[in-house]
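*Asks:*
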Amino acid sequence: MKIRNIAPYLYVAPSLIIAFIFIYYPVMENVQSSFFSWSPFSDTKEFVALQNYTRLFDDSVFLVALKNNLIHLVISLAVQVVGGLVLAAILEDVVFRRVAPVLRTVYFLPVLISISVIGLLFSFIYNPDIGLLNKFLAMVGLEEYARGWLGDSDTAFPAIIAMGQWQGIGYITMLYIVAIQKIPPDLYEAAEMDGAGKIRKFLHITVPQVKEISFVTIIYTVSQSILTFSDVYVLTKGGPGNSSQVLSTYLYQKAFVDSEMGYASTIANVILGITVVVYLIQAKVFKNGQEG
Amino acid sequence: MMKKSFAVSICIILILLLVVGCGQQTPANTENASEGNEVTLTLFHRWPNEPFKGYFDGVIQEFEKQNPGVKIKVVTALNEEYKQKINVVLGNDNSPDIYFTWVGEYANKFVRGGKALDLTKYVEEDKAWSDQIIPSTLKPFTLDNKVYGVPVLMDVRMMAYNKEIFNQLGLEPPSTWNEFIQVLDKLKASGAIPLGFGNKEPWNGGLYITTLNQRLVSADVLAKDNNRETGEFTDPGYVVALQKLQQLIPYVNENPNAFSREEERNMFANGKIAMMPLHTIEFPYIKDAKFEWGTFNFPSIEEGKGDPSVITGAPEGFMISAQTKHPDEAVKFLKFLTSKPMAEKWVKETNVISTVKGAVNSSNSTPLMVETIGQVEKASDMAIWIDTILDGRIFNPYLAGIQQLLNGEKTPEQIMQEVQEAAKQVKESAK
């Protein structure tokens, strides 16, 4: 009988131990390291209490990075989650039944391409001299808008965001397509009987029915957005003049270029904090992540 | 019940395996080291790419043949990745015996952290070897009169110009700033893009400033500011240097911040731009150019306080870990690497300048290369890249500021104010 009592704990033990060693322990280490000022080469760690945290507020680059992250987050949610849902609904509509499989592949393809390849592709598109974007603008008579997209502080970060949306939307759309396919058709039939149009059906049946998957897509999009690194790194490395810096690229710079490990840990904790807060709000709004 | 207890025991075994697997980590090297008299050295360099990798493999093979009992294990990582990895491996106890480094503050932080072996003794004992290294390249590896590294190669930044365009317009390579501006004016009037500037990776602008600072600020002040404990950057010459760079903006390609260095080089090789600052390491990229080209040292500046014969460039080389168990063998390898036959082989295979006297000669290099090295051997000093001689906390705002200067978003005074503030912080943390 005793065995029966401890058996469930033994089953979960391996994953708990792995999670503890590789996730929770490093997180705690990181929190601890953010109270010190140290470099990988110095033998001593100087205790600075909360100085690393107060320094964040005077650091103009950090504030730019934070602002950029938030802009990225809002746009990603709007384009990928809302846009992805609309796109999925359109693709699942009877009108598009014929071409839907082709379009699904078209939208999903960017997800499968490595970010370095996409970065290279987009640096050609944004190239001021031979870039497709400027050529296109010239073709439709909008030459005055042509510019060095990645070299201009005003357009560098929006250009990076645009690339991220192009790559990310396919994945979210795919998740929604699966969810929409699971909705029982009789719901739509009943709505049709009552005289509901396409938009009403979308708002009153599709949206509530995919609520659970929305929880997943929002979490996924938020965490992807907060952790954005490669998009920025391959296109601008945070430039020009730090205008496209995000938290993770700034963290990288602080840790591996400036050797300020303590401060880098602090930035990492901020990223963690934001993610946790967003998750909690979301879990509250959606009550919980349970199916049904 | 039987089944259940079986499952439980399997579970326990799996957990134990996990715990054992994670808990114990015997360093793999200890076994090798105790085996007979064999010595294994780890070499960490930044060239997983050819022709450099092949060169190092060849040298190591030759060295192992000549020194039975010594084995060299190679670990490599490319530039940016190298910078990241070296921080990690030097931070723990398993550091490589010999590792690559750039010079300036980049190397000094290794020295201060006690990661680099003092090589003064070896340099003084074996004069026959150390005297054949170009002295101006050994100097950047010296801190407080102690030698901490061995220079192996050198990169020099010269102004390259398209001789065809220059001849058509009857222009001569300028030697002063005013002449330089006149040349730029004439080039621009002819419809050509006078100067290439790809500043997407901000170091490129930083290297313009490296040269301009050296020309405008006196050597003592520069040395004081490059030292993290005394850096202030209050000399008015720094602001003038940025103003000079600003003066060049009308002559460079549009949107310099949107062009990468590769694009800049390609534009020069295609004859689209008339001049660009070119590194000797990059000479091979231009070899397909269909026109004749030459180089000149950056012009002197009339009001400048710096020595105009100084060349912008820096040696790169190797340091030996202070924790190594076999310092003598490690030094022996570096001596072998910088012996004249190996240095000549280096130049021949990689087309990169060696720091050994006479290694670059007409048998293995183009006349242009030989001419360049002649200038280096004559030069008393080198202006070392701003992004390795300074602390990252100073050069990052500096480089970001230069990008903003090119976009017209910041003035030279604002940039220097930020740099001064950063220098103040670094100075405080250095105490």
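In the order they appear, the protein sequences are chains A and B.
First residue of the first sequence? That's 2 in the numbering used here, and the numbers climb one at a time after it.
First residue of the second sequence? That's 11 in the numbering used here, and the numbers climb one at a time after it.
Here a beta-carbon is modelled for each residue, glycine too, at the ideal position from N, C-alpha and C.
These numbers come from a predicted model, not from an experiment.
Could you run through the segment 213–233 of chain A and flag, in chain order, every residue whose CB is less than 8 Å away from some CB of chain B?
*Replies:* none
*Asks:* Since B/V98 meets chain A, which of its residues come closer than 8 Å, beta carbon to beta carbon?
*Replies:* P41
*Asks:* Is B/S310 helix, strand or coil by DSSP?
*Replies:* strand
*Asks:* Chain B beta carbons: is any one of them nearer than 8 Å to that of A/K238?
*Replies:* yes
*Asks:* Against A/Q254, what residues of chain B qualify as contacts under a CB-to-CB distance less than 7 Å, listed in chain order?
*Replies:* N406
*Asks:* Let me confirm a value: B/N188 is counted as buried when at least 16 other C-beta atoms fall within 10 Å, else exposed. Which label applies?
*Replies:* Exposed.
*Asks:* Between the alpha carbons of B/L205 and B/S146, how many angstroms are there, rounded?
*Replies:* 30 Å
*Asks:* For A/V258, go through chain B and note every residue whose CB falls closer than 8 Å to its CB, in chain order.
*Replies:* Near A/V258 (Cβ distances below 8 Å), the residues of chain B are K93, G402 and N406.
*Asks:* Taking the runs of the beta strand (DSSP E) that are 3 residues or longer, which of them lie wholly in the segment 180–239 of chain B?
*Replies:* 203–205
*Asks:* Give the secondary structure of A/A157 by DSSP, where H, G and I count as helix, E and B as strand, and everything else as coil.
*Replies:* helix
*Asks:* If we call anything under 8 Å between Cβ atoms a contact, is B/R56 one with B/A87?
*Replies:* yes
*Asks:* Contact check, B/V160 vs B/T348 under 8 Å by CB: the rounded distance?
*Replies:* Contact holds; Cβ gap of about 6 Å.
*Asks:* What ranges does the beta strand (DSSP E) occupy inside the segment 40–89 of chain B, keeping only unbroken runs of at least 3 residues that lie completely in it?
*Replies:* 49–55 and 80–86
*Asks:* Can you give me the start and stop residues for the alpha helix (DSSP H) that A/N69 sits inside?
*Replies:* S61 to S77
*Asks:* Any idea what DSSP makes of A/L133, helix, strand or coil?
*Replies:* helix
*Asks:* According to DSSP, which residues form a beta bridge with B/I143?
*Replies:* B/V366
*Asks:* Let me see if you follow: with CB-CB separation under 8 Å, is A/N135 close to chain B or not?
*Replies:* No, because no Cβ of chain B sits closer than 8 Å to the Cβ of A/N135.
*Asks:* What are the start and end residues of the beta strand (DSSP E) that includes B/I330?
*Replies:* I321 to I330
*Asks:* Can the beta-carbon of A/I170 be found less than 8 Å from the beta-carbon of A/Q81?
*Replies:* Cβ atoms of A/I170 and A/Q81: closer than 8 Å.
*Asks:* Can you list, in chain order, the residues of its chain with a C-beta nearer than 7 Å to that of A/A8? Leave out the 5 residues immediately preceding and following it.
*Replies:* none
*Asks:* Between B/A199, B/T365, B/E354 and B/D195, which lies nearest to B/S372 when the distance is taken from Cα to Cα?
*Replies:* B/E354
*Asks:* What does a CB cutoff of less than 7 Å around B/W213 pick up in its chain, not counting 5 residues either side in sequence?
*Replies:* D397 and L409
*Asks:* Looking at C-beta atoms only, is the number of pairs between the segment 240–257 of chain B and the segment 270–288 of chain B that lie closer than 8 Å three or more?
*Replies:* no
*Asks:* Under a CB-based cut-off of 8 Å, is B/N417 close to chain A?
*Replies:* yes
*Asks:* Along the segment 58–84 of chain A, where does the CB come closer than 7 Å to a CB of chain B? Name the residues.
*Replies:* Residues: none.
*Asks:* Kindly list, in the order they appear in chain A, the residues whose Cβ is closer than 8 Å to that of B/E101.
*Replies:* In the sequence as displayed, the identity of residue 101 of chain B is Gly instead of Glu. The contacting residues are P41 and F42.
*Asks:* Could you check if A/I19 is buried or exposed, using at least 16 other CB atoms within 10 Å of its CB as the buried criterion?
*Replies:* exposed
*Asks:* Is the CB-CB distance between B/V386 and B/I144 below 8 Å?
*Replies:* yes
*Asks:* Taking its Cβ as the centre, do 16 or more other Cβ atoms sit within 10 Å of A/S77, making it buried, or is it exposed?
*Replies:* buried
*Asks:* Using a Cβ-Cβ distance under 8 Å, would A/L151 count as near chain B?
*Replies:* yes
*Asks:* To which residues of the same chain is A/T229 closer than 7 Å at the C-beta, ignoring the five residues directly before and after it?
*Replies:* H73, G165, V247 and S249
*Asks:* Here's the rule: buried if 16 or more other CB atoms are within 10 angstroms of the residue's CB, otherwise exposed. What is B/K137?
*Replies:* Counting of Cβ neighbours within 10 angstroms places B/K137 among the exposed residues, the total staying below 16.
*Asks:* With 8 Å set as the bound, which would you pick, yes or no: does the beta-carbon of B/P150 sit closer than that to a beta-carbon of chain A?
*Replies:* no
*Asks:* Where does B/K119 land, buried or exposed, given buried means 16+ other C-beta within 10 angstroms?
*Replies:* buried
*Asks:* Give, in chain order, every unbroken run of the alpha helix (DSSP H) that is at least 4 residues long and sits entirely within the segment 257–311 of chain B.
*Replies:* 271–279
*Asks:* Give me the residue from A/S244, A/Y234, A/V118 and A/F257 with the minimum Cα distance to A/V1.
*Replies:* Because residue 1 of chain A is not part of the residues shown, which for chain A are 2 to 293, the question remains open.
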